[in-house]
Amino acid sequence: ELRYVHSDMTCCSLEHPCNPATITGMTFQVQFRLRIYRDETIAIGPGKVTLLEAIAETGSISAAARQIKMSYRRAWLLIDEVNQSLHSPAVSTATGGAHGGGVALTHVGEELVKRYRTIENVARLSAALDIASLTGLIAP
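Heads up, the sequence shown is in our numbering, so the first residue is 7 and it goes up one at a time.
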């Protein structure tokens with residue numbers, strides 16, 4: 007098991023992950039930006055996953071778009087790209103009615119978000135010590 011002990015004697019490990027960018031006492035922003043392309047189109051990427059999470063939370067494309075500061079049109083186009091790129095849609099929509107339409111993640115959409123976030127977390131944990139070493143090279 008890999009562990010790193012901070013100067014304040016707190017410890018991080020796989021069970022207790024820490025932000026490796028703060029290990030040296032300085033603050034850095036470290037991002038993993040996984041993108042999966044289908045031909046020239048980003049089928050799965052950070053913006054689309056964030057949008058899917060917002061849809062799951064709000065149940066509305068317009069509310070999800072507002073939440074992540076994206077136009078409704080852009081959100082709709084991203085949803086369409088994701089749905090067209092997969093074997094089965096990630097998002098299902100229901101048209102109007104007395105309370106308007108609704109939108110929800112399908113099982114495929116839920117699985118996509120779960121797996122994407124798992125990959126990010128595993129990559130972050132696996133690279134924690136190397137990230138700490140790399141950020142240690144940055145001048146204060």
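Positions of the beta carbon are idealized from the N, C-alpha and C atoms, including for glycine.
Do you know how far the Cα of residue j is from the Cα of residue i?
i    : j    : result
N127 : E116 : 17 Å
D86  : P95  : 9 Å
A138 : I42  : 27 Å
R79  : S68  : 9 Å
A145 : A134 : 19 Å
L83  : M76  : 11 Å
V97  : K54  : 11 Å
T30  : R123 : Below a pLDDT of 50, predicted positions are generally treated as unreliable, and T30, at 48, falls in that range; the measurement from the model is reported next regardless. Using only the alpha carbons, I get a separation of about 26 Å.
A70  : T112 : 16 Å
T141 : R121 : 27 Å
L143 : I125 : 26 Å
G107 : D136 : 47 Å
V114 : F34  : 34 Å
R72  : T101 : 20 Å
Tell me whether residue i is buried or exposed, calling it buried when 16 or more other Cβ atoms sit within 10 Å of its Cβ.
i    : result
S132 : exposed
A129 : exposed
I61  : buried
So, residue i versus residue j, is the Cβ gap smaller than 8 Å?
i    : j   : result
V36  : S66 : no
P52  : R44 : no
V119 : E63 : no
T99  : I74 : no
Would you say residue i faces chain D, with C-beta separation under 8 Å as the test?
i   : result
I67 : This model lacks chain D altogether; it includes just one protein chain.
Under 8 Å: do the region 31–48 and the region 86–102 share three or more Cβ pairs, one atom per stretch?
Contact holds between the region 31–48 and the region 86–102, because three or more Cβ pairs, one in each stretch, are under 8 Å apart.
Considering only residues of the region 34–116, which uninterrupted alpha helix (DSSP H) runs meet the minimum length of 4 residues and lie entirely inside it, listed in chain order?
Listed in chain order, the alpha helix (DSSP H) elements of length 4 or more contained wholly in the region 34–116 are 52–64, 67–73, 78–91.
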